[in-house]
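Reviewing the structure listed below.
Numbering (the numbering used here), first residue to last: 23 to 163.
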């Protein structure tokens, strides 16, 4: 997460320069860039929550993304710098990422609640059947 923040600060600082950043030859299209940044946020979140899982599977965030999206570090940095020089586009990319994260978080929370409610219902039914069984004791000979 610190690396992502540092990258954003550097890009922001670079975007404050007077000269315009020219579109790179290997510009990553905006939708693909949005997907890359979304995956980067998800991987950084997973790493912050439980780094051992990524370490266990030997997943290195950036090499994984480069391979998944068939890009290299130069294409990513140049594209990110280019989009950062266009604040309205950069804002749109990050807003799309944020919206996707919120949708994912809501879906996960709904799933957690559904499972929790299901367990509560199962436990209530089990307790109720246990109580009924104990009231219907029959003497056996």
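C-beta atoms are modelled at their ideal positions from N, C-alpha and C, and glycine is treated no differently.
Going by C-alpha to C-alpha distance, which of 60, 55 and 113 sits closest to residue 127? Working through the chain shown from its first residue, we reach residue 127 at position 105. Considering only alpha carbons, the answer is 60.
Would residue 115 pass as a contact of residue 52 if the rule is Cβ separation under 8 Å? On the chain shown, position 93 is the one that residue 115 refers to. On the chain shown, position 30 is the one that residue 52 refers to. Yes, Cβ-Cβ distance for residue 115 and residue 52 is below 8 Å.
Closer than 8 Å by C-beta to residue 88: which residues in its own chain qualify, once you throw out the five before and the five after it? Chain order, please. Translated into the one-based positions of the chain shown, residue 88 becomes position 66. Closer than 8 Å at Cβ, skipping near neighbours: 94, 95 and 98.
Proximity to residue 65 [Cα-Cα], best of 83, 78, 50 and 79: Taking the chain shown and counting its residues from 1, the one referred to as residue 65 is at position 43. It is 83 whose Cα lies nearest to the Cα of residue 65.
Alpha carbon to alpha carbon, how far is residue 129 from residue 119? In the chain shown, counting from the first residue as 1, residue 129 sits at position 107. In the chain shown, counting from the first residue as 1, residue 119 sits at position 97. Spanning the two alpha carbons is a distance of roughly 15 Å.
For residue 107, three-class secondary structure by DSSP: By one-based count along the chain shown, residue 107 stands at place 85. Coil.
For the alpha helix (DSSP H) containing residue 52, list its first residue and its last residue. Locating residue 52 in the chain shown gives position 30, where the first residue counts as 1. First-last of the alpha helix (DSSP H) with residue 52: 52-78.
With distances taken Cα to Cα, identify the nearest neighbour of residue 113 among 81, 55 and 85. Along the chain shown, read from residue 1 onward, the residue named residue 113 stands at position 91. Of 81, 55 and 85, the residue nearest in Cα terms is 55.
Report buried or exposed for residue 101, applying the criterion of at least 16 other Cβ atoms within 10 angstroms of its Cβ. Counting from 1 along the chain shown, the entry for residue 101 is found at position 79. Answer is buried; the Cβ neighbour count reaches 16.
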